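Residue numbers (the UniProt record's numbering): 1 to 168.
The structure appears below as C-alpha cells.
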C-alpha cells in the first residue's frame with residue numbers, strides 16, 4: 001500500500017526530491033509492517049504455552065527488542081529525508097501489509113508457524129524496498145533496508161528451524 005506523502009520538510013540533505021519521495025514511501029511501508037510484526041512477536045511472547053517455552057520466550061524477547069530498534073532507525077531515516085513516519089496505532093492498523101495476528105493462539109509451535117509466515121512476508125517487502133530505493137538513487141536507505149533484510153532472514157531461519165520442516 002502506498003503512503004500519501006505530505007509535503008516534504010526542507011532539509012539540507014542533497015538527495016533528489018524523487019529519491020526522497022520514493023524512499024519515504026518505501027520506508028513508511030516497512031515501518032508500518034515492522035511495528036505490526038513487533039506487536040505480533042510480543043503477542044506470541046506473552047501468550048505462548050507448550051514445548052520449548054523458555055527458549056522461545058527468551059528468543060522472542062530479543063526479536064521484539066531488535067525489531068523495535070529497526071523501527072526507530074527506519075523512522076529516523078524518514079525524518080532525515082523530510083518525511084513524517086506512519087507510526088501511530090491507527091495508521092499501522094490501517095496500512096499494515098501483514099495478515100492480522102490471531103488472538104486465540106497459545107501453543108508454542110502454532111505461534112512459531114504464524115511468525116514464520118509474517119517474517120517471510122515482511123522480508124519479501126523489505127527486499128522490494130531495497131530495489132526501489134537503489135533504483136531511485138538512495139544508497140543509504142537501501143543500505144539500511146539491507147541490514148533489516150539480513151536480520152529478518154536470520155530470525156526467519158531461527159523460527160523455521162523450530163518447525164522441524166527440514167529437507168534432510
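Just so you know, even glycine gets a beta-carbon here, dropped at the ideal spot from N, CA and C.
Predicted model, so just to flag it, every value in this text is computed and none were measured.
Delimiting residues of the alpha helix (DSSP H) encompassing residue i
i: residue 121; result: 108-136
i: residue 29; result: 17-47
i: residue 100; result: Premise fails: residue 100 is in no alpha helix (DSSP H) and is neither H nor E.
i: residue 58; result: 53-80
Nonlocal neighbours in the same chain, by C-beta distance under 7 Å from residue i, ignoring five residues either side
i: residue 48; result: 56, 57, 106, 108 and 111
i: residue 126; result: 30, 145, 148, 149 and 152
i: residue 23; result: 81, 133, 136, 138 and 141
i: residue 67; result: 34, 37, 38 and 41
Integer Cβ distance of residue i from residue j, believed to fall under 8 Å
i: residue 30; j: residue 129; result: 6 Å
i: residue 137; j: residue 16; result: 6 Å
i: residue 122; j: residue 37; result: 5 Å
i: residue 86; j: residue 95; result: 6 Å
Residue i (DSSP reduced to helix, strand or coil)
i: residue 144; result: helix
i: residue 93; result: helix
i: residue 86; result: coil
i: residue 154; result: helix
i: residue 159; result: helix
i: residue 149; result: helix
Spatially closest choice to residue i from the options, by CA coordinates
i: residue 151; options: 87, 80, 65 and 86; result: 65
i: residue 44; options: 17, 70 and 116; result: 116
i: residue 80; options: 14, 147 and 154; result: 14
i: residue 71; options: 120, 10, 39 and 137; result: 39
i: residue 75; options: 122, 25 and 90; result: 25
i: residue 163; options: 134, 114 and 135; result: 114
i: residue 141; options: 95, 77, 12 and 35; result: 77
i: residue 97; options: 82, 103, 119 and 83; result: 119
i: residue 27; options: 104, 102, 92 and 154; result: 92
Chain-order list of residues whose beta-carbon lies under 8 Å from that of residue i (same chain, five-residue window excluded)
i: residue 168; result: Because the pLDDT at residue 168 is just 44, under 50, the model does not fix this residue reliably, and the point stays unresolved.
Same chain, Cβ closer than 6 Å to residue i, five either side skipped, listed in chain order
i: residue 1; result: Note that residue 1 scores a pLDDT of 42, beneath 50, so its modelled location is shaky; the value from the coordinates is reported in the next line. Cβ within range, chain order: 95.
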